[in-house]
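A.B. asks: Residue numbers (this note's numbering): 5 to 273.
Yeah, the Cβ is synthetic: ideal placement off N, Cα and C, and Gly gets one too.
All values reported here derive from a predicted model rather than from experimental measurement.
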Ligand SMILES: C[S@@+](CC[C@H](N)C(=O)[O-])C[C@H]1O[C@@H](n2cnc3c(N)ncnc32)[C@H](O)[C@@H]1O
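1) Buried or exposed for residue 256, going by 16 or more other Cβ atoms inside 10 Å?
2) If you follow the alpha helix (DSSP H) that residue 207 is part of, which residue opens it and which one closes it?
3) In angstroms with no decimal places, state the Cα-to-Cα distance between residue 19 and residue 107.
4) Spell out the partners DSSP gives residue 80 in its beta bridges.
5) Straight-line CA distance for residue 143 to residue 90?
6) Output the boundary residues of the beta strand (DSSP E) element that contains residue 229.
7) Is the beta carbon of residue 41 within less than 6 Å of some heavy atom of ligand 1?
8) Look at the alpha carbon of residue 98 and the alpha carbon of residue 135, and state the distance between them as a whole number of angstroms.
9) When you compare each of 222, 263, 215 to residue 240 by their alpha carbons, which one comes out closest?
10) Along the beta strand (DSSP E) that carries residue 8, what are the first and last residues, could you check?
11) For residue 111, write down the residues that DSSP places opposite it in a beta bridge.
12) Does the distance between the C-beta of residue 123 and the nearest non-hydrogen atom of ligand 1 fall short of 6 Å?
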């Protein structure tokens with residue numbers, strides 16, 4: 005049996021917890037697996053499909069996937085070297101560097117992702133990564149299997165682009181796993197306001213429109229999103245809604261423990 009791979013990146017909104025939960029049903033068979041908001045790619049790595057289209061708007065993230073696909077052994081060697089050099093001073097030195105070469109950029113991305121605060125990805129207005137050092141010192145992880153990850157990525161077309169372009173390429177019998185940033189519509193004092201994240205409410209509306217078109221072409225769609233009234237209303241015509249719960253542990257304190265819910269919409273029966 006093929007080993008199940010876990011994400012090599014820590015990513016905000018990562019779906020590691022969902023793919024391991026028994027609350028999820030998947031289509032029995034499909035042609036292309038398509039994931040337009042790739043992030044840490046938990047679902048792709050778990051399913052290891054034979055044919056896939058993967059994309060994300062984040063150019064540094066996509067560059068890292070391409071280097072992982074093409075040069076996994078070289079990445080291991082370089083990260084092993086960085087493990088021996090890791091320190092607070094080295095982190096900030098690495099963070100301030102600007103690399104031109106795609107391989108060096110990927111090494112820097114992986115190193116910072118593993119050692120920065122909470123695996124957060126944040127850049128300032130100049131596009132410079134500005135997350136402080138975190139508490140984890142492991143540049144190499146026990147779960148790493150870059151060779152196997154590279155092998156699975158060789159089955160995929162990997163692109164840096166907006167979600168619309170990728171969703172528009174879906175056809176009858178394809179499976180779309182869609183996990184956008186969780187923007188919701190705010191309604192305050194009778195006025196409609198939109199929150200000012202990079203993924204706007206207009207993006208959610210644009211997403212709904214192109215998913216309905218994909219559904220009409222015969223694609224199977226699994227959408228995860230915020231479990232919020234505005235989202236439930238917007239995506240009501242996409243398919244069956246269900247709410248999945250996720251246990252969260254905040255700051256390791258008992259009073260911070262709780263369960264949050266996320267929305268799932270499925271377009272197939
Ligand atoms: C919730 S994360 C996906 C998490 C992923 N499913 C995982 O398991 O790690 C959302 C992703 O959408 C990407 N994104 C934001 N706006 C986008 C857009 N307009 N088109 C494509 N990707 C976008 C972000 O870069 C981020 O990686």
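C.D. replies: Reading it off the structure:
1) For the purposes of this step, residue 256 is taken as the residue at position 252 of the chain shown. In this predicted model, residue 256 has a pLDDT of only 46, less than 50, meaning its place in the structure is not dependable enough to derive any value.
2) Position 203 of the chain shown holds residue 207. Counting along the chain, the alpha helix (DSSP H) containing residue 207 begins and ends at 205-221.
3) By one-based count along the chain shown, residue 19 stands at place 15. By one-based count along the chain shown, residue 107 stands at place 103. Using only the alpha carbons, I get a separation of about 27 Å.
4) For the purposes of this step, residue 80 is taken as residue 76 along the chain shown, with counting starting at 1. DSSP lists no partner for residue 80.
5) Counting from 1 along the chain shown, the entry for residue 143 is found at position 139. Counting from 1 along the chain shown, the entry for residue 90 is found at position 86. Approximately 8 Å between the Cα atoms of the pair.
6) Numbered from 1 along the chain shown, position 225 holds the residue referred to as residue 229. For residue 229, the enclosing beta strand (DSSP E) begins and ends at 224-230.
7) Within the chain shown, residue 41 is the residue found at index 37, counting from 1. It does: the Cβ of residue 41 is within 6 Å (strictly closer) of some heavy atom of ligand 1.
8) In the chain shown, the residue the question calls residue 98 occupies position 94. In the chain shown, the residue the question calls residue 135 occupies position 131. Residue 98 and residue 135: Cα-Cα distance of roughly 12 Å.
9) The count along the chain shown starts at 1 and reaches residue 240 at position 236. Ranking 222, 263, 215 by Cα distance to residue 240 puts 215 first.
10) Counting from one through the chain shown, the residue named residue 8 turns up at place 4. For residue 8, there is no enclosing beta strand (DSSP E), since its DSSP letter is neither H nor E.
11) The count along the chain shown starts at 1 and reaches residue 111 at position 107. Partner(s): none; residue 111 has no beta bridge.
12) Residue 123 sits at position 119 when you count from the first residue of the chain shown. Checking every heavy atom of ligand 1 against the Cβ of residue 123, none is found closer than 6 Å.
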